[in-house]
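No gaps in the numbering here: position 150 of the sequence shown is 174 in this note's numbering, and each next residue is one more.
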Amino acid sequence: MTLARKPTNKRARSMAKILNSVFSFFGLTTTDPRKTKAQSLVEFAITLPIIIILLTGVVEFGFALNYYLSLLDATRDAARFYSDQDPFNEDLSDRDEFYSGAAAMVRASLDPQVVDPSYQGRRITLDPDMDDVVVIVYSSTGSGVIQYPDSGPYHLYNNHDALFTPQRVQERLVSGAPSAGLVVIEVHYTYHQVLGLPWLMPIDPMTLRAYTIMPNRYAEPAAAPNLANK
């Protein structure tokens with residue numbers, strides 16, 4: 025009876041090379057699994073900070089977007105209400121209550137505690153030193169745009185320039201459009217990030233701006249023909 029001969033080391037190495045070639049051809053590997061695991065851990069450690077930065081950035085952007093939508097809703101509600109209010113007195117002078125009331129409505133929409141001290145809920149408080157609410161009325165005569173109040177845009181805190189000017193409104197109107205009256209309400213809010221992420225400090229704080237434009241029939245030249253002659 026003859027015992028089977030054990031393969032020599034040379035034969036074993038040859039077989040290993042053949043197997044490696046076959047595995048490589050099919051995209052496989054015979055690398056030591058311990059080395060693969062260690063390599064994966066190193067790669068994960070390198071990419072983890074990047075993943076954290078991206079995810080936290082998305083979360084912070086979500087907070088900012090939520091604030092912006094609240095600002096937009098506040099301007100929309102105020103513009104919708106004051107689109108049916110007369111911005112002029114009987115003598116066609118500017119009615120201050122129109123402008124101050126519109127700005128106050130925006131502020132109260134963002135911070136209900138202004139009008140209801142017992143309110144307990146989400147608040148967006150405007151900073152008198154950094155934020156602003158701007159209210160403007162425009163009368164388009166077809167050949168030009170007239171801005172009210174006569175003294176310039178109404179500012180709640182006078183911290184920001186108005187986004188809209190007569191020239192910009194004129195550019196937005198369709199050529200040959202009929203005469204129209206418009207009320208524009210803007211809010212400028214200084215947003216401080218919620219998470220306080222150090223890698224977002226270069227853009228913290230940032231200013232969020234929202235506005236709404238609504239028609240106002242009282243500002244139409246047809247409704248008050250003497251407006252252009254004020």
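The C-beta atom is built at its ideal place from N, Cα and C for all residues, glycine as well.
Computed from a prediction, not measured in an experiment: that's the story for all the values here.
- Shown here, Phe-112 sits in a strand according to DSSP, grouped into three states.
- Closest in alpha carbon position to Tyr-162, among Glu-114, Arg-233, Asp-185, Pro-177, is Pro-177.
- The Cβ atoms of Tyr-172 and Val-157 do not sit closer than 9 angstroms to each other.
- By the 16-neighbour rule on beta-carbons within 10 angstroms, Ile-75 is exposed.
- Secondary-structure assignment with DSSP links Ala-204 through a beta bridge to Ser-164.
- Collapsing the DSSP output to three states places Arg-233 in a strand.
- Ranked by Cα distance from Ala-126, the options Asp-140, Asp-110, Leu-116, Pro-141 are led by Asp-110.
- Leu-187 is positioned such that its CB atom lies closer than 9 angstroms to that of Tyr-235.
- In the three-state scheme derived from DSSP, where H, G and I count as helix and E and B as strand, Tyr-143 is classed as coil.
- In this structure the region 212-227 touches the region 82-91; the number of beta carbon pairs closer than 8 angstroms is three or more.
- Under the three-state reduction of DSSP, Ile-148 is assigned to coil, being neither helix nor strand.
- Beta-bridge annotation (DSSP): Glu-210 is paired with Val-158, Tyr-235.
- When DSSP states are grouped into helix, strand and coil, Tyr-178 belongs to the strand group.
- Our two residues, Ser-117 and Ala-88, have alpha carbons roughly 40 angstroms apart in a direct line.
- Take Asp-151, set aside five residues on each side of it, and the residues of its chain with a beta-carbon closer than 7 angstroms to its own are Thr-214, in chain order.
- Here Val-169 is near Val-193, since their CB atoms are less than 9 angstroms apart.
- Judged by their CB atoms, Val-130 and Ala-98 are nearer to each other than the 9 angstroms cut-off.
- For Val-130, the uninterrupted alpha helix (DSSP H) segment begins and ends at 120-134.
- For Val-198, the secondary structure class from DSSP, reduced to helix, strand or coil, is coil.
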